[in-house]
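Numbering (our numbering), first residue to last: 629 to 1015. Note that beta-carbon positions come from the ideal geometry of N, C-alpha and C, so glycine has one too. It should be emphasised that the depicted structure is a prediction, and the values quoted were computed from it without experimental measurement.
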Amino acid sequence: MRTVLRFGRKLEARTLPVHLAVDLTEVGTLQLWCVSRSTPHRWRLEFDLRDTNLVPAQASEPRSTTELAIPTDRAAQALEILRGVFSPSGTGSGDPVRVVRQLEDVLGAGKESWPLGFLREAWDVLWERREARRLSAEHEARWYNLAGFFLRPGFGTPSDPVRVAQLWRLRSEGLRFSKAAQVRAEWWNLWKRIAGGLERAQQQQLYNEVAPYLLPRLQKKREKLPRVGPQEIREYWQLLASCELLAADAKAELGSVLIDLVVRGKATPLEIWALGRLGARALMYGPLNCVVPASRVAEWVRGLLAARWSRPEPTAFALLQLARCVGDRERDLPEELRAQVAQRLEAETGNARMARMVLEPLPIERAERGQILDESLPAGLVWSGND
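Right, dumping it as structure tokens:
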């Protein structure tokens, strides 16, 4: 095992005498503490001993070999900052707008480097302070933003199903500052971030709520609903594209609306991303029966090949997801069509790897997975799903 220990604020290597302390937690993880003999510092390392069936079978996540270990005093200080910002009584200190920067300064690491263990500890603190989201629109927006960030991608530890269930119950309370556009945007972004931890029925419920805003055939229902702005519509597309447990025919209908926008040059980068995720040949955590049929996606691909791309970079990546070779005759597009895609991808991007990925099965890299998810995985998680 390799890990990174932070000691002090200077970027230099130092040798410290340490001893080890061990603890077996209630949730089945073995905690190994690296305790300095010359300073009061201690760093927690974790080894996962639990049954991998405790996380989704198609997306079990062993620990990374280079997870950042945060000193316990720094972690405790960061959690106190959270408690101060989200004080239900309103007497706490701190600005919800600046809280992420404060946490990064205290931890000595950017938020993308925060390890899974700290993220879940922070989520538990945030949940304890959930009433503080009612203090102001800024508090509510930041609370939803952090709740999704701390719990992404919705699974990974034994307690995550409980956390997701707790969040789901918040839906019945509604939004306190519902007129604030940023609050509404962060609310939907929260569910996109943790969609992988939702059950099929829960994803279907989200679909039922937002589909009238997206599908022409539901226009009459839409007329009876509150108006929403373009930003919220984009959040809806991203949310449903992340709900991989939706039925394949529902995804196909959504994708058919998007492909028309993309071909006409009317789609935003986020909507183009959603098209690629909806019609992907390899889902991140969803089952095979939720993959849109190859015959339907082939029609979308032909439309993209015939169109002039107003946004080449996101369109190329979406096309890659639609035409990627997975080595399964049921999901793979016709070989001749994939050859055309490979030629177009190389011409548009100059990326030979993208072209190869539609011609032969290749595992995706971590950066590519981040593009598919529209966000990085927490440090300490390695995806071993359907790719």
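- Excluding the 5 residues flanking it on each side, Ser-938 has same chain C-beta neighbours closer than 8 angstroms at Gly-893, in chain order.
- The Cβ atoms of Val-929 and Val-891 lie no closer than 9 angstroms to each other.
- Here Ala-829 is exposed. Its C-beta has fewer than 16 other C-beta atoms within 10 Å.
- Following the DSSP letters along the chain, one finds Ala-649 inside the beta strand (DSSP E) bounded by residues 646-652.
- Contact between the stretch 837-844 and the stretch 878-885 is present, with at least three C-beta pairs closer than 8 angstroms.
- Check the Cα spacing between Ser-664 and each of Leu-658, Leu-648 and Arg-762: the tightest is with Leu-648.
- The distance from the Cβ of Val-713 to that of Val-727 is about 5 angstroms, consistent with a contact at the 8 angstroms cut-off.
- Residue ranges of uninterrupted alpha helix (DSSP H) with 4 or more members, entirely inside the stretch 722-805 and ordered along the chain, are 727-735, 744-756, 765-779 and 788-797.
- Trp-661 carries a strand assignment under DSSP once its states are collapsed to helix, strand and coil.
- Distances from the alpha-carbon of Ala-808 to those of Val-856, Arg-850 and Arg-797 put Val-856 closest.
- Secondary structure at Leu-916: helix, using DSSP grouped into helix, strand and coil.
- With contacts defined by Cβ atoms closer than 9 angstroms, Leu-965 and Leu-947 do not form a contacting pair.
- If you draw a straight line from the Cα of Glu-899 to the Cα of Ile-861, it is about 9 angstroms long.
- Short of 7 angstroms from the beta carbon of Trp-796, and not among the five residues preceding or following it, lie these beta carbons of its own chain, in chain order: Gln-830.
- Distance from the CA of Val-1010 to the CA of Asn-979, rounded to the nearest whole angstrom, comes to 25 angstroms.
- In this chain, the alpha helix (DSSP H) harbouring Pro-940 covers 940-951.
- Assignment of beta-bridge partners to Ala-706 by DSSP yields no partner.
- When Leu-779, Arg-770 and Ser-721 are compared, the shortest CA-CA separation from Gln-810 is found for Arg-770.
- Of all alpha-carbon atoms in Glu-988, Leu-744, Pro-897 and Gln-859, the one lying nearest the alpha-carbon of Phe-945 is that of Pro-897.
- The residue among Thr-643, Trp-671, Gln-859 and Ser-666 with its C-alpha nearest the C-alpha of Val-650 is Trp-671.
- In this structure, Gly-824 keeps its C-beta atom at 9 angstroms or more from the C-beta atom of Phe-778.
- Leaving aside the five residues that flank Leu-990 on each side, the residues in its chain whose CB is nearer than 7 angstroms to its CB run, in chain order, Arg-984.
- In the structure shown, Trp-671 adopts extended strand secondary structure according to DSSP, grouped into three states.
- Contact between Tyr-864 and Trp-815 does not hold, since the beta-carbon distance rounds to 11 angstroms and is not under 8 angstroms.
- In the three-state DSSP reduction, Ala-829 falls in the helix class (H, G or I).
- For the pair Ala-926 and Ala-951, the Cα-to-Cα distance works out to about 8 angstroms.
- For the pair Gly-1008 and Leu-707, the CB atoms are not nearer than the 9 angstroms cut-off.
- Taking Leu-903 as the centre and dropping the five residues before and after it, the same chain places the C-beta of Gly-883, Leu-886, Ile-887, Val-890 and Ala-946 closer than 7 angstroms to its C-beta, in chain order.
- The C-beta separation of Val-838 from Leu-868 comes to about 7 angstroms, placing the pair in contact by the 8 angstroms criterion.
- Within the DSSP secondary-structure output, Pro-699 pairs in a beta bridge with Trp-671.
- The C-beta distance from Phe-746 to Ala-703 rounds to 6 angstroms, short enough to meet the 8 angstroms contact threshold.
- Under the three-state reduction of DSSP, Ala-1007 is assigned to strand.
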